[in-house]
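Engineer: For the sequence shown, position 48 matches number 48 in our numbering, and the numbering has no gaps at all. The beta carbon of each residue, even a glycine, is placed where N, CA and C say it ideally should be. Model, not experiment: these values are computed from the prediction. Before we start, here is the structure in question, set down as structure tokens.
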Amino acid sequence: MRERWFFDKLESVVKQFLDGSVHYIGIIPQDAMLEKAVRIQKPVSIVSPNARSSKRFEELAQYLVSGGKQDSSEQNAFRQFLTKLFNLS
1 MRERWFFDKL ESVVKQFLDG SVHYIGIIPQ DAMLEKAVRI QKPVSIVSPN
51 ARSSKRFEEL AQYLVSGGKQ DSSEQNAFRQ FLTKLFNLS
């Protein structure tokens, strides 16, 4: 798996040069809308909110905000703020 190889390299660099650690939580799938968004330098969630990559960004953001737990009211409010800010509905 190419993505895992890349993560392993990144993890090695972070350990060596930053004395830190990173955790693998998933990937963003490459799709035509993601490529277009990169070319025009706009967030894919704005260019194409229904693209696979946009939805995966949303899922990963929700995971990070929740800390892998059920949403508290504060976390849910922050998630709603991010959703509105990035038009992820």
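Does DSSP put ALA61 in a helix, in a strand, or in coil?
Structural biologist: Start at 1 with the first residue of the sequence shown, and residue 61 comes out as number 61. Here DSSP, grouped into helix, strand and coil, assigns ALA61 to helix.
Engineer: If you scan the region 3–69 from start to end, which runs of the alpha helix (DSSP H) of 4 or more residues do you find wholly inside it?
Structural biologist: 32–40, 44–47, 52–66
Engineer: Would you call SER105 buried or exposed, if buried means 16 or more other Cβ atoms sit within 10 Å of its Cβ?
Structural biologist: For residue 105 there is no data in the structure shown, the boundaries of the chain being 1 and 89.
Engineer: Please work out which residues of its chain come closer than 8 Å, Cβ to Cβ, to GLN70, disregarding the five sequence neighbours upstream and downstream, and give them in chain order.
Structural biologist: On the sequence shown, position 70 is the one that residue 70 refers to. Confidence at GLN70 is low in this model, with a pLDDT of 47, below 50, so its placement is unreliable and the value that follows should be read with caution. Counting only Cβ-Cβ distances below 8 Å, and skipping sequence neighbours, we find nothing.
Engineer: Checking 7 Å against the spacing of the C-beta atoms, do ASP31 and ARG52 come in under that value?
Structural biologist: The residue you call residue 31 lines up with position 31 of the sequence shown. The residue you call residue 52 lines up with position 52 of the sequence shown. Yes, Cβ-Cβ distance for ASP31 and ARG52 is below 7 Å.
Engineer: From HIS23 to GLU11, what does the alpha carbon distance come to, in whole angstroms?
Structural biologist: Counting from 1 along the sequence shown, the entry for residue 23 is found at position 23. Counting from 1 along the sequence shown, the entry for residue 11 is found at position 11. Looking at the two C-alpha atoms, the distance is approximately 8 Å.
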